[in-house]
Amino acid sequence: MLQEAIFSGFGGQGVLTMGMLLGYAGVIEDKEVTWMPSYGPEMRGGTANCIAIVSDSLISSPIISTFDSAVTLNQPSIEKFEYKVKVGGNIFYDSSNTINPPTREDINIYACPVSEEAIKLRNSKVLNMIMLGAFIEVTKVVKMETLLKALEQVLPERYHKLIPLNKQAIEIGMGLVRK
Amino acid sequence: MGDVKFMKGNEALSEAMIRAGCDAYFGYPITPQSEVLEYLAREATKRTGMVVLQAESEVSAINMIYGAAGCGKRVMTTSSSPGISLMQEGLSYIASAELPCLVANINRGGPGLGTIQPAQGDYFQSVKGGGHGDYHLVVLAPCSVQEMVDYVKLGFELADKYRTPVMILADGAIGQMMEKVELFPQMERVVTDYPWATTGRPAGKDRRYITSLHIQPEKMEEINHTLQAKYKVMQETEVRYQALHLDDAEYLMTGFGLAARICIKAMELGRAKGYKIGMIRPQTLFPFPTKIYAEVAPRIKGILDVEMNAGQMIEDVRLSVEGKTRVEFFGRMGGMIPSPDEILENFEKYFIKGS
Amino acid sequence: MSELNEIMNPIKENICLPEFLVYERPDTLTEQEFHYCPGCGHSTVHKLLMEVVSEMGIVGDTIGVAPVGCSVFAYHYLGVDMQQAAHGRACAVATGIKRVMPEKIVFTYQGDGDLAAIGTAETVHAANRGENLLVIFINNGIYGMTSGQMAPTSLEGMVTTTSPYGRDVLTQGYPLKISELLAHLPGVYYVTRQAVNTAGNVRKTKKALQRGLEYQKKNLGFCLVEVVSNCPSNLKMTPLESNEFVANQMIPFYPLGDIKVPEVK
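In order, the protein sequences belong to chains A, B and C. Position 64 of the first sequence, counted from 1, bears residue number 121 in the numbering used here, the numbering being contiguous throughout. Position 150 of the second sequence, counted from 1, bears residue number 205 in the numbering used here, the numbering being contiguous throughout. Position 41 of the third sequence, counted from 1, bears residue number 48 in the numbering used here, the numbering being contiguous throughout.
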């Protein structure tokens with residue numbers, strides 16, 4: 058198994074966190090993982106992205122130009138990465154917030170209304186977790202339970218009360234793409 | 056077995072420093088390596104009693120390193136390109152006074168203030184002696200978060216063994232990226248008793264002094280001979296490199312650090328297309344793995360050297376192969392990172408389509 | 008000829024007799040002959056410092072830092088463990104030493120160029136961190152090692168090789184009273200300015216050095232002893248004339264005495 062993914066969106070949407078959580082979960086499942094952020098001015102707003110690679114064997118380059126999956130949380134990200142998805146790969150986008158959705162016919166397009174779903178949960182901050190749920194449901198790179206374990210590791214104790222909400226978000230995301 | 060963790064390169068480096076029983080860190084913030092000082096300030100002193108001090112400048116930091124290293128302590132500093140330039144005077148003094156210490160350069164794009172994005176433009180500065188006079192640093196080039204950890208331990212060992220400054224030459228990407236990493240267990244902080252260390256004149260014995268000043272040229276030449284002899288031993292015994300597919304290689308890709316890692320992907324893509332590409336990745340940039348290049352040069356058709364600079368290590372590769380094979384170059388500069396596809400295209404341009 | 012002889016050897020009687028002995032070389036001073044010019048204040052301050060170290064019984068606990076400048080070779084004379092620092096970096100080197108060996112007594116010995124020009128940042132920040140160091144600052148208003156260039160502490164109008172028409176403060180800046188400047192910092196515990204141009208001043212300087220080291224033993228903070236000194240060679244004066252220069256020109260601008268003293272509680 059090798060999954061080379063890019064997560065992209067506005068700074069503050071939690072795209073770096075999505076990739077990072079995937080990395081933590083990968084390590085818990087004893088997989089090889091690499092997470093490469095775009096760092097610098099993007100961190101202070103603007104479009105941020107990170108590459109996350111999860112693999113059963115050693116990962117060569119942390120820098121790649123085409124992806125198995127692109128997770129795009131805003132319009133500029135779709136425009137930037139739709140054509141960098143490998144044939145047969147996946148693109149996930151926030152269908153509640155996009156004017157021009159992806160159009161390629163040789164990839165799988167997952168329209169996920171994550172902003173709407175997050176509002177329903179009364180917490181717009183969990184939109185990234187909803188999307189992450191969709192991502193793992195399709196790609197199967199890590200299990201949901203592992204993601205939750207990773208959350209437990211990463212979140213300081215005082216935020217552990219938010220784990221059930223995150224679990225709910227992931228489950229909603231998984232449901233969005235379940236056929 | 057140590058702990059397996061998912062860590063950022065800079066944080067893994069810092070954690071390794073604590074675990075290696077480092078006595079003191081002196082540093083100054085600069086992107087992309089500020090996490091080091093932040094991590095140590097948070098973790099180090101409370102765990103091992105290690106001294107962590109934010110200096111007023113890189114100039115000051117490297118001289119604090121000089122002072123503490125002169126007391127026989129295990130010490131380290133880190134910075135990024137412009138800051139490392141400021142440290143060059145101090146490094147020259149440290150090399151001349153034969154003090155052990157470890158320095159990491161999380162290389163960013165230059166010249167000048169440049170950019171905070173990753174680059175490898177400091178190869179010449181690191182490998183050829185960035186300060187004044189004839190000296191070398193031992194230069195280790197990690198290509199993964201794991202090697203950031205491994206080279207801290209190795210770096211301290213080599214520094215102590217040769218009484219020499221050792222540099223870890225990484226780049227912004229390796230500092231910023233997160234990977235799975237296995238950490239070695241916490242080591243004891245060792246109380247050393249070096250005869251040369253200035254720890255207070257021992258009763259009934261001569262006092263010690265640390266200096267790089269020898270006004271008599273005869274004496275200064277002698278010091279130079281001592282240093283050169285040491286470098287010769289390193290060249291014979293401390294060379295480290297990673298080689299892939301040398302058995303069937305018709306071509307080589309070569310590079311260090313992150314560029315080498317991307318090359319491995321390009322090599323895999325090339326091999327899938329039927330090109331017999333091998334790979335040499337120097338892990339020690341000084342001492343440079345000259346012999347392995349010389350050995351394979353006569354039986355290969357060409358080498359593509361890939362770096363994130365305008366072509367620096369390529370000079371050492373060319374010196375090593377002594378004209379016995381073609382050496383071509385592909386590089387990106389100023390913080391741009393080459394992609395595997397780009398590398399393969401350039402390989403094909405030079406060796407497949409052009410030949 | 009006999010007249011010249013009289014000038015060169017004003018001492019008429021043989022006074023080098025054991026009964027006239029006032030002090031001996033402290034065992035902490037090495038037997039290496041000073042390279043300093045005849046009449047230079049460095050030799051006196053070296054001797055005083057080593058007397059104090061010897062009397063306090065801290066030879067084995069003291070680590071010194073030599074600068075770049077005339078006293079670059081201080082480690083040849085001061086018989087304690089020493090490190091030689093890059094130009095201006097003595098306070099940084101001393102910080103490195105003191106932080107890893109806080110139980111030791113650490114001093115730097117620096118001239119005006121080293122401490123107050125190229126090393127200003129290191130000096131100010133070590134002081135501001137309240138590093139427990141004794142900084143001995145020899146201020147002779149001129150660069151000695153490089154032969155008579157202007158120092159940050161050169162007086163207004165003073166002729167040096169780089170201010171051949173006299174220091175013009177409008178283009179070359181004002182003489183820097185760094186001790187007064189440092190005294191404002193909360194990390195600084197003790198600042199004093201002394202001189203070695205007269206026997207009385209020599210005795211006061213010794214007391215100041217002793218106080219500085221005593222304070223450090225108690226980890227009270229940064230201590231600075233400035234010593235206004237002479238440079239007969241570069242001032243192109245006899246030693247006596249150079250001491251007169253110190254008394255008549257330097258001291259009026261750099262007045263002697265304590266600048267910051269610990270509050271008595």
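Note that beta-carbon positions come from the ideal geometry of N, C-alpha and C, so glycine has one too.
### Message
Among B/172, B/115, B/176, B/175, whose alpha-carbon lies nearest the alpha-carbon of residue 146 of chain B?
### Response
B/115
#### Entry: Alpha-carbon spacing of residue 60 of chain A relative to residue 78 of chain A, whole angstroms
15 Å
### Range of the contiguous beta strand (DSSP E) that encloses residue 282 of chain C
No answer is possible for residue 282 of chain C: it lies beyond the span of chain C, which begins at 8 and ends at 272.
### Message
Helix, strand or coil for residue 8 of chain C? Go by DSSP, reduced to three states.
### Response
Per-residue confidence for residue 8 of chain C stands at a pLDDT of 48, beneath the threshold of 50, marking its modelled position as unreliable; no derived number is given.
### Task
Select from the region 117-136 of chain C all residues with a C-beta closer than 9 Å to any C-beta belonging to chain B, and list them in chain order.
128, 129, 131, 132, 133, 135, 136
### Task
For residue 59 of chain B, count neighbouring C-beta atoms within 10 Å of its own C-beta (all shown protein chains included) and say buried if the count is 16 or more, exposed if not.
exposed
### Query
Listed from N- to C-terminal order along the chain, which residues in the region 117-128 of chain B have their beta-carbon within a distance smaller than 7 Å of any beta-carbon of chain C?
118, 119, 120, 121, 122, 123, 125, 126, 128
### Task
Determine the extent of the beta strand (DSSP E) in which residue 241 of chain B is found, giving its start and end residues.
No beta strand (DSSP E) contains residue 241 of chain B, which DSSP labels as neither H nor E.
### Query
Which chain B residues are close to residue 88 of chain C, counting only those with a beta carbon under 8 Å from its beta carbon?
253, 254, 255, 256, 262, 263, 264
### Task
Ignore the nearest five residues each way along the sequence and tell me which others in residue 206 of chain A's own chain have a CB closer than 6 Å to its CB.
85
### Message
Pull the bridge partners of residue 89 of chain A from the DSSP assignment, please.
### Response
A/112
### Query
Taking C-alpha atoms, which residue in A/218, A/198, A/236 lies nearest to residue 111 of chain A?
Here the closest residue by C-alpha is A/198.
### Query
residue 70 of chain C touches chain B at which residues, Cβ-Cβ below 7 Å?
253, 255
### Query
Mind checking if residue 32 of chain C is an interface residue toward chain B, Cβ cutoff 9 Å exclusive?
no
### Where residue 144 of chain C falls: helix, strand or coil (DSSP)
Assigned with DSSP and collapsed to three states, residue 144 of chain C falls in strand.
### Query
The alpha helix (DSSP H) with residue 136 of chain B in it runs from where to where?
Where residue 136 of chain B is concerned, the enclosing alpha helix (DSSP H) starts and stops at 136-141.
### Query
Do residue 230 of chain B and residue 173 of chain B have their C-beta atoms closer together than 9 Å?
yes
### Query
CB residue 385 of chain B to CB residue 306 of chain B, shorter than 9 Å?
no
### Task
For the alpha helix (DSSP H) holding residue 375 of chain B, just list the boundary residues, first then last.
368-376
### Query
Is DSSP giving residue 78 of chain B helix, strand or coil here?
In the structure shown, residue 78 of chain B sits in coil (DSSP, three-state: anything other than H, G, I, E or B).
### Task
With distances taken Cα to Cα, identify the nearest neighbour of residue 262 of chain B among C/211, C/110, C/83.
C/83
### Query
Would the beta-carbon of residue 213 of chain C fall within 9 Å of that of residue 31 of chain C?
no
### Query
Going by beta carbon distance, what residues of the same chain come within less than 8 Å of residue 226 of chain B, once the five residues before and after it are set aside?
161, 162, 163, 173, 174, 175, 312, 313, 363
### Message
For a quick check, are the C-beta atoms of residue 162 of chain C and residue 231 of chain C less than 9 Å apart?
### Response
no
### Message
Can you tell me where the alpha helix (DSSP H) holding residue 178 of chain C begins and where it ends?
### Response
176-179
### Task
Using the Cα positions of residue 205 of chain B and residue 338 of chain B, report the straight-line distance between them to the nearest angstrom.
11 Å
### Message
In whole angstroms, give me the CA-to-CA distance for residue 56 of chain C and residue 216 of chain C.
### Response
Using only the alpha carbons, I get a separation of about 7 Å.
### Query
Going by beta carbon distance, what residues of the same chain come within less than 7 Å of residue 134 of chain C, once the five residues before and after it are set aside?
189, 192, 194, 195, 229
### Task
Anything in chain B within Cβ reach of residue 150 of chain C, meaning under 7 Å, just list it in chain order.
The contacting residues do not exist; residue 150 of chain C stays about 17 Å from chain B at best.
#### Entry: Residues near residue 233 of chain C in its chain [Cβ-Cβ closer than 6 Å; skip 5 each side]
If we look at residue 233 of chain C and ignore the five residues flanking it on each side, its Cβ neighbours are 144, 146, 186, 200.
### Task
Please check if any C-beta of chain B sits within less than 9 Å of the C-beta of residue 8 of chain C.
A caution first: residue 8 of chain C carries a pLDDT of 48, below 50, which makes its placement in the model unreliable, though a value can still be read off. So no, residue 8 of chain C is outside the interface.
### Query
Taking C-alpha atoms, which residue in C/119, C/48, C/40 lies nearest to residue 206 of chain C?
C/48
### Query
Going by the beta-carbon positions, is the gap between residue 67 of chain B and residue 203 of chain B smaller than 9 Å?
In contact: residue 67 of chain B and residue 203 of chain B (Cβ atoms closer than 9 Å).
### Anticipated Cβ contact below 8 Å, residue 89 of chain A with residue 116 of chain A, distance rounded
5 Å
### Query
Would residue 130 of chain B count as contacting chain C if we go by Cβ distances under 9 Å?
yes
### Task
With a threshold of 16 other CB atoms inside 10 Å of the CB of residue 193 of chain B, please say whether the residue is buried or exposed.
That one is buried.
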